[in-house]
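Positions in the sequence shown are counted from 1; adding 642 to them yields this note's numbering.
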Amino acid sequence: SAVDILRSDGKKVGLIKLRSYIPFPDTDFKEWAEKVDTFAVIDRSICPGKGGPVFNKLRSTLYNVEERPDILQFHAGLGGKEVRIGDLYNVGEKALKVAQGGTVESLVEWV
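Encoded structure:
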């Protein structure tokens with residue numbers, strides 16, 4: 643997987659596979675937010691004008707967290723489009739760049 647490749651390259655990354663949207667694991671994400679610098683959310687659906695549902699839920703969950711990590715929004719696999727390992731590797735690279743002090747280039751990125 644892309645995470646394994648990034649780790650083999652010496653990068654400190656992880657993966658959270660969301661198994662339940664309702665109820666959303668608010669408490670878990672608040673705990674993880676204390677340990678990470680950046681979340682890269684990959685949504686496979688969009689809400690026109692609002693962005694991805696998981697991104698929006700995570701952003702609202704972490705709104706009151708004092709040391710809130712950056713949250714990056716990516717859309718991938720829309721319309722059945724295949725998402726390749728290289729695409730996910732690039733998402734990881736962009737998240738690491740922001741975590742190391744880079745700026746968020748765009749509110750939404752399409753993979």
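We put the CB at the ideal spot given by N, CA and C, even for glycine.
Under the three-pair Cβ rule at 8 Å, the segment 668-686 counts as touching the segment 737-745. With at least 16 other beta carbons inside 10 angstroms of its own, V655 counts as buried. The residue from D685, P711, V746 with its alpha-carbon nearest to that of K659 is D685. The residue from G734, K723, S748 with its alpha-carbon nearest to that of D651 is G734. Per DSSP, the continuous beta strand (DSSP E) segment holding D712 begins and ends at 712-717.
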